[in-house]
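Input: a single structure, listed below in structure tokens.
Numbering (full-length UniProt numbering), first residue to last: 1 to 424.
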């Protein structure tokens with residue numbers, strides 16, 4: 001990836017984290033514990049719908065557009081991608097009608113599903129490495145959404161906070177669409193000649209496995225809020241969701257680290273280098289863990305007050321997921337290098353089943369702390385324990401465990417050894 005495009009993507013993640021924190025703060029303050037719980041449940045449902053609706057386009061559609069040198073063919077793939085996503089959005093909207101009881105929440109949900117179709121144009125920009133356009137479009141959508149949030153906070157229009165779900169995808173989707181239409185001068189339209197059932201079928205068949213994987217991952221990461229709502233109610237969901245927002249704030253860092261090292265690792269694949277890679281990720285997780293724990297506890301206490309004191313304890317428990325998350329991201333890269341990525345869905349689906357069973361068992365016993373414990377156990381199990389039972393993955397899993405048990409010593413030792421050699 002060109003360095004300029006990488007910087008844009010990294011900056012986008014930082015700005016998005018700031019946006020999510022501000023949205024969380026205003027929603028929690030404006031709606032209270034129970035209201036914030038409802039807000040978080042709707043946010044989770046929307047995240048699942050949008051995740052399923054993207055249909056793996058970041059892989060499939062980007063690949064198809066990138067392969068075609070002819071702009072007319074690129075546009076044809078793009079238009080058919082939009083048509084397929086629109087059909088999927090309608091199906092998701094129908095399913096949502098039977099799941100969401102509140103008519104206002106369903107209206108917001110349906111509108112977000114339809115507006116997210118516009119984000120399909122983002123994948124055309126991605127295929128042309130237009131990280132600058134994507135970055136400025138997202139930044140614009142965040143700024144407008146933040147301005148809206150500040151307005152409703154100071155005017156006490158608390159119920160309007162739900163419209164933030166609509167504003168961000170609408171602004172960003174329109175930005176991408178207009179940029180392609182006006183700046184790139186692509187006259188995309190839903191004309192009969194552009195609809196190609198063969199392309200639609202290929203996009204569907206190629207994207208379906210990614211859709212299942214996305215659904216499993218989102219359920220794995222978010223199912224706990226539904227169990228908490230069932231067993232404990234909306235206030236508990238609000239407490240838990242606040243802790244999750246803070247605990248997951250640094251989860252983008254291993255992705256950045258792994259993406260940076262990946263090209264080098266591809267050309268220098270060896271058990272020793274894999275060990276250094278996992279050592280580095282483990283050490284990075286420790287470095288992040290300590291300041292994040294203090295900063296998170298302080299922020300929850302000062303910004304959200306005594307009303308959300310329970311979130312502090314949940315945050316501390318959930319923060320231990322940093323270790324399996326960092327190592328797990330690295331493992332995914334190594335599996336791709338070794339052509340073993342077909343096992344990744346197995347980890348995800350086993351994690352879904354294990355997490356569900358643990359939530360059903362532990363929440364009635366320990367409340368929202370039980371949900372946090374269930375998350376940590378399932379994260380560590382799917383990252384370190386379950387892969388040991390698969391013969392082809394055992395060697396990589398042992399390397400990962402050695403990095404954890406030795407606290408990254410192998411990498412530190414090799415750095416000092418290289419430093420001494422240079423001095424001599």
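Note that beta-carbon positions come from the ideal geometry of N, C-alpha and C, so glycine has one too.
Quiz item: For the alpha helix (DSSP H) that residue 224 lies in, which residues bound it at each end?
Solution: Within the chain shown, the letter at position 224 stands for residue 224. From DSSP, the alpha helix (DSSP H) with residue 224 extends over 197-231.
Quiz item: Is it true that the CB of residue 400 sits closer than 8 Å to the CB of residue 323?
Solution: Your numbering for residue 323 matches position 323 in the chain shown. Your numbering for residue 400 matches position 400 in the chain shown. Not in contact: residue 323 and residue 400 (Cβ atoms no closer than 8 Å).
Quiz item: Nearest-angstrom Cα distance between residue 412 and residue 336?
Solution: The sequence position of residue 412 within the chain shown is 412, counting from 1. The sequence position of residue 336 within the chain shown is 336, counting from 1. Each residue's Cα considered, the two are about 26 Å apart.
Practice problem: Tell me, please, whether the segment 292-310 touches the segment 348-363 by the rule of three or more beta-carbon pairs shorter than 8 Å. | Solution: The answer is no - the segment 348-363 does not touch the segment 292-310, with fewer than three Cβ pairs under 8 Å.
Self-check item: Nearest residue (CA-CA) to residue 48, options 73, 148, 72, 212
Solution: Your numbering for residue 48 matches position 48 in the chain shown. By alpha-carbon distance to residue 48, the top candidate from 73, 148, 72, 212 is 212.
Quiz item: So what's residue 55 in DSSP terms, helix, strand or just coil?
Solution: On the chain shown, residue 55 is found 55 positions in, with the first residue counted as 1. Secondary structure at residue 55: coil, using DSSP grouped into helix, strand and coil.
Quiz item: Got a sec? Which residues, its chain only, sit under 8 Å from residue 15 by beta carbon, not counting five neighbours each side?
Solution: Position 15 of the chain shown, counting from 1, holds the residue named residue 15. Close CB contacts of residue 15 within its chain, under the 8 Å cut and outside five residues either way in sequence, are with 138, 139, 142 (chain order).
Exercise. Assign residue 50 to one of two classes, buried (16 or more other C-beta atoms within 10 Å of its C-beta) or exposed (fewer than that).
Key: Mapped onto the chain shown, residue 50 falls at position 50. Using a 10 angstroms sphere on the CB of residue 50, the tally of other CB atoms reaches 16 or more, which defines it as buried.
Quiz item: How many angstroms separate the CA atom of residue 41 from the CA atom of residue 57?
Solution: Numbered from its first residue, the chain shown carries residue 41 at position 41. Numbered from its first residue, the chain shown carries residue 57 at position 57. Rounded to the nearest whole angstrom, the CA to CA distance from residue 41 to residue 57 is 26 Å.
Quiz item: At what residue ranges does the segment 325-386 contain a whole run of the alpha helix (DSSP H), taking only runs of 4 or more?
Solution: With a minimum length of 4 residues, the continuous alpha helix (DSSP H) runs that stay inside the segment 325-386 are 344-366, 368-380.
Quiz item: DSSP on residue 44, reduced to helix/strand/coil?
Solution: Here residue 44 corresponds to residue number 44 of the chain shown, with the count starting at 1. In the three-state DSSP reduction, residue 44 falls in the helix class (H, G or I).
Self-check item: Three-state secondary structure (DSSP) of residue 252
Solution: Looking up residue 252 in the chain shown gives position 252. In the three-state DSSP reduction, residue 252 falls in the coil class, being neither helix nor strand.
Quiz item: Comparing alpha-carbon positions, which option in 17, 209, 10 lies nearest residue 248?
Solution: Position 248 of the chain shown, counted from the start, is the residue given in the question as residue 248. Considering only alpha carbons, the answer is 17.
Quiz prompt | Whole-angstrom distance between residue 12 and residue 404, CA atom to CA atom | solution = For the purposes of this step, residue 404 is taken as residue 404 along the chain shown, with counting starting at 1. For the purposes of this step, residue 12 is taken as residue 12 along the chain shown, with counting starting at 1. Each residue's alpha carbon lies about 31 Å from the other.
Quiz prompt | residue 31 versus residue 358: straight-line alpha-carbon distance, rounded | solution = Walking along the chain shown from the start, residue 31 turns up at place 31. Walking along the chain shown from the start, residue 358 turns up at place 358. When the Cα atoms are used, residue 31 and residue 358 turn out to be separated by approximately 30 Å.
Quiz item: If you draw a straight line from the C-alpha of residue 107 to the C-alpha of residue 114, how long is it?
Solution: As a working note, residue 107 is residue 107 in the chain shown. As a working note, residue 114 is residue 114 in the chain shown. Computed Cα separation, rounded: 11 Å.
Exercise. Kindly list the residues whose CB is nearer than 7 Å to the CB of residue 27, restricted to its own chain and excluding five residues on each side of it in sequence; keep chain order.
Key: Working through the chain shown from its first residue, we reach residue 27 at position 27. Residues 36, 39, 161 of the same chain have their beta carbon placed closer than 7 Å to that of residue 27, with the five preceding and five following residues left out of the count.
Practice problem: Output the boundary residues of the alpha helix (DSSP H) element that contains residue 305. | Solution: The sequence position of residue 305 within the chain shown is 305, counting from 1. Residue 305 -> no alpha helix (DSSP H), and no H or E assigned at all.
Practice problem: Could you check what DSSP says for residue 190 in three-state terms: helix, strand or coil? | Solution: On the chain shown, residue 190 is found 190 positions in, with the first residue counted as 1. Bear in mind that a pLDDT of 45 at residue 190, under 50, signals an unreliable position, so the model cannot answer this.
Exercise. List the endpoints of the continuous alpha helix (DSSP H) containing residue 160.
Key: Counted from its first residue, the chain shown places residue 160 at position 160. If you look at residue 160, you'll find it isn't in any alpha helix (DSSP H); DSSP assigns it neither H nor E.
Practice problem: Would you mind stating whether residue 131 and residue 8 have Cβ atoms separated by less than 8 Å? | Solution: Walking along the chain shown from the start, residue 131 turns up at place 131. Walking along the chain shown from the start, residue 8 turns up at place 8. Yes, the pair counts as a contact, with Cβ atoms nearer than the cut-off.
Quiz item: Going by other Cβ atoms of all chains shown within 10 Å of its Cβ, with 16 needed for buried, is residue 325 buried or exposed?
Solution: Locating residue 325 in the chain shown gives position 325, counting from the first residue. Result: buried.
Quiz item: Is it the case that the CB of residue 368 approaches a heavy atom of the ligand MG more closely than 7 Å?
Solution: Only the bare structure without any ligand can be found here, which leaves the ligand MG out of the picture.
Exercise. On a CA-only basis, which of 378, 166, 227, 29 is nearest residue 308? Give me that one, please.
Key: As a first step, residue 308 must be located in the chain shown, where it is residue number 308. Checked all of 378, 166, 227, 29; the closest Cα to residue 308 is 29.
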